[in-house]
Structures are given as structure tokens and as C-alpha cells.
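Below is one structure, written out as C-alpha cells; the observations come after it.
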Amino acid sequence: MSSAAPTPQVTVLAGPTSVGKSTLSRYIRTTFPQVHFSVSATTRPARPGEVDGEDYLFLSDEEFDRLLEAEAFLEWAVVHQRYRYGTLRSTVDEAQAEGKNVLLEIDLQGARQVRQRLPEAHFVFLAPPTFEDLVRRLTGRGTESAEEQQRRLETARIELAAEPEFDVTIINDDVDRAARELIAQMGIELTTNA
Ligand code: 5GP
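Each residue of the sequence shown is one higher than the one before, counting from 369 in my numbering.
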């Protein structure tokens, strides 16, 4: 590339199951709209209130297969042994072309693929204050079956061990504080006191 301007950064946010990644993302989306999120594709059905093209691109298995075949994904993974999720290369390319610093909120398997394919990206690990805190969040959510909770707990243990693979760790002790730290890590200056 001959342009003198630095390529805008890609920031990957990953962390263990139930660490509060989606709460943090939601908070950033509403409080700091200047942060540009990559919209992932998924085969998971939309939850009430989720908007196609905003929260996710909700795809059928066939549509996801077609994109896989076309090598359209920068990364993709089966999350919680259920649905497929992936970041489209075009989503990241478009953000970069528009000069936007883009945030990928993805799972650990996906983060590892991005590390392989886009090593210059910035990798941020979201960690719980303590393991006990993570267990409380996991079991307190009450939306999953006991079997599902057990499965997620096991996944969380394995995922926590991945922390050293990341450039920085942010402790999710307070959503506003964690959000501001992440935004600073992205190199975005906050101009408001929002
Ligand atoms: P949820 O179904 O609750 O929205 O998300 C479940 C998990 O999928 C979260 O851990 C989230 O980080 C992960 N996820 C969301 N989008 C992607 C993606 O594009 N790629 C990967 N690998 N994981 C994703």
C-alpha cells in the first residue's frame, strides 16, 4: 500500500463464556456510537428484539455453507457446539476502506483464526475479576439448562487459560470502566463525557 495513512486497526475482543462480552458490547453500542462493530453472520435464530443486519446477519445453514464455499469468512466457528458464527472478510475490508477502526467481538476459536490471518490486529482478552465471579455469572443467568451450564463452565475453564495469547487483558469489573479501557485500546479518543 502506498498511502501514508496508517491502516485502521482491527481490534479483536474475546474472552470466556459468560464473562459479560455481550453486555459490554451492548453498552458500547448505545453509549459510544462512534465505535464501529463488525456485524457477524450466524445460523442462530434471532432473539426477540434482535435486528437482522444490525445485531447479526441471520443466515440459513445453506446460506452459511455458500459463503464458506466462497471463502468469504475471515474466521468462523461453531460456538457452544451449536450454531455457526463468522466474520465476513468484506465486513472488515469495508470498514478499513472507510478508515474505521473496527471491533470484532468473537469467540476464542475465531480470535485464533484472526491471529493467523491478520496478525497485525490488536487482541484484547476480557477477563472476569475472579473465577468465582465467572461461575456466578454462568449459573446466575438462569436461561440455560443444568447440562448446558456444566458444558459452559468446562468451556470457560479452557478459555481462561488462553489469556497469555492476547496482547492485553481487560478486567470486566465495571462495564463503563471496561468500555472506556477497550475504547482507549482501540486508539479512539472520546470527545464527549458520555
Ligand atoms: P450470542 O449467540 O450469545 O449472540 O453469541 C454467542 C457467542 O458467539 C459469543 O461468545 C460471541 O462472542 C460469539 N460470536 C459472535 N459473533 C462471532 C463471530 O463472528 N465469530 C466467532 N468466532 N464467534 C462469534
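Cβ coordinates follow ideal geometry from the N, Cα and C atoms, glycine included.
Local conformation of residue i per DSSP, three classes
{"i": "Phe534", "result": "coil"}
{"i": "Gly478", "result": "helix"}
{"i": "Asp429", "result": "helix"}
{"i": "Val503", "result": "helix"}
{"i": "Gly454", "result": "strand"}
{"i": "Ile539", "result": "strand"}
{"i": "Ser370", "result": "At Ser370, the pLDDT of 46 sits below 50, so the modelled position is not reliable; the number obtained from the coordinates is stated separately. DSSP places Ser370 in coil when its eight states are reduced to three."}
{"i": "Leu436", "result": "helix"}
{"i": "Val492", "result": "strand"}
{"i": "Thr410", "result": "strand"}
Where the beta strand (DSSP E) through residue i begins and ends
{"i": "Glu443", "result": "Phe441 to Val447"}
{"i": "Thr379", "result": "Val378 to Ala382"}
Whole-Å CB distance - residue i paired with residue j, under 8 Å assumed
{"i": "Val470", "j": "Val482", "result": "Not really, about 11 Å apart at Cβ, beyond 8 Å."}
{"i": "Ser408", "j": "Thr379", "result": "Between Thr379 and Ser408 the Cβ distance is about 15 Å, and since that is not below 8 Å, they are no contact."}
{"i": "Phe493", "j": "Phe534", "result": "4 Å"}
{"i": "Glu473", "j": "Ser393", "result": "5 Å"}
{"i": "Ile396", "j": "Val387", "result": "Incorrect: roughly 15 Å between the Cβ atoms, too far for contact."}
{"i": "Asn540", "j": "Ala495", "result": "7 Å"}
Where the alpha helix (DSSP H) through residue i begins and ends
{"i": "Leu471", "result": "It is not in any alpha helix (DSSP H) - Leu471 instead sits in the beta strand (DSSP E) that spans Val470 to Glu473."}
{"i": "Ala529", "result": "Taken as a continuous stretch (DSSP letters only), Ala529 belongs to no alpha helix (DSSP H), as it is neither H nor E."}
Strand pairing of residue i, partner residues [DSSP]
{"i": "Tyr424", "result": "Asp420"}
{"i": "Phe400", "result": "The partner list for Phe400 (beta bridge, DSSP) is empty, contrary to what the question assumes."}
*Can you find at least 3 beta carbon pairs, one from the segment 439 to 454 and one from the segment 468 to 488, that sit closer than 8 Å?*
yes
*Contact between the segment 521 to 536 and the segment 382 to 399 (3+ Cβ pairs under 8 Å)*: yes
*Give a yes or no on contact between the segment 503 to 516 and the segment 396 to 408, applying the rule of three or more CB pairs nearer than 8 Å.*
no
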